[in-house]
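Numbering (this note's numbering), first residue to last: 25 to 162. Here is the structure we will look at, set down as structure tokens.
Below, the structure is given as structure tokens:
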């Protein structure tokens, strides 16, 4: 028993090399996880845009049922963007009696490669499209 206690007293902690190995391993794991995190974050932001466009689409069709035309004014639809909106929303039309296009453009995040911004559109027929396909990591 005395031998075991004597042996334990001699070990006072970790060596600098052991600590550096642990720090290096943590750094490598963090570097591997970061790209995946950015992809998941971008998908969450895009989900915000898709849900908001679906909401604007529904509100504009309700407005059409009352007024027999679509509107380009979000305030008329009483639409407010989510509290932490990362996208800006705009409605455009070429003929208010028959069509509209709602657009969501990324505003509160970095630009995508090539200076492009992630943008989604939805028309009166619920056709959802991304004007910057393949840029899911923006």
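Don't be surprised by glycine CBs; every beta carbon is placed ideally from N, CA and C. Treat the numbers as computed from the prediction; the structure is a model and nothing was measured.
Please state if the CB of residue j and the CB of residue i are separated by a distance shorter than 8 Å.
i	j	result
residue 130	residue 143	yes
residue 116	residue 96	yes
residue 128	residue 57	no
residue 124	residue 91	no
Relative to the C-alpha of residue i, which residue among the options is closest?
i	options	result
residue 86	102, 52, 40	102
residue 120	83, 77, 100, 88	88
residue 155	50, 141, 148, 77	141
residue 110	42, 150, 71	71
residue 68	84, 108, 81	108
residue 150	51, 83, 106	83
residue 146	93, 106, 78, 91	78
residue 94	104, 118, 105, 66	118
Quick one: what's residue i bridged to in DSSP?
i	result
residue 146	126, 152
residue 115	126
Round the Cβ separation of residue i and residue j to the nearest angstrom and send it over; I've been treating them as touching at under 8 Å.
i	j	result
residue 48	residue 80	The pair is not a contact, with the Cβ atoms about 49 Å apart (cut-off 8 Å).
- Message: To test your reading of the DSSP string, which unbroken beta strand (DSSP E) runs of 3 or more residues are found completely within the segment 46-75?
- Response: none
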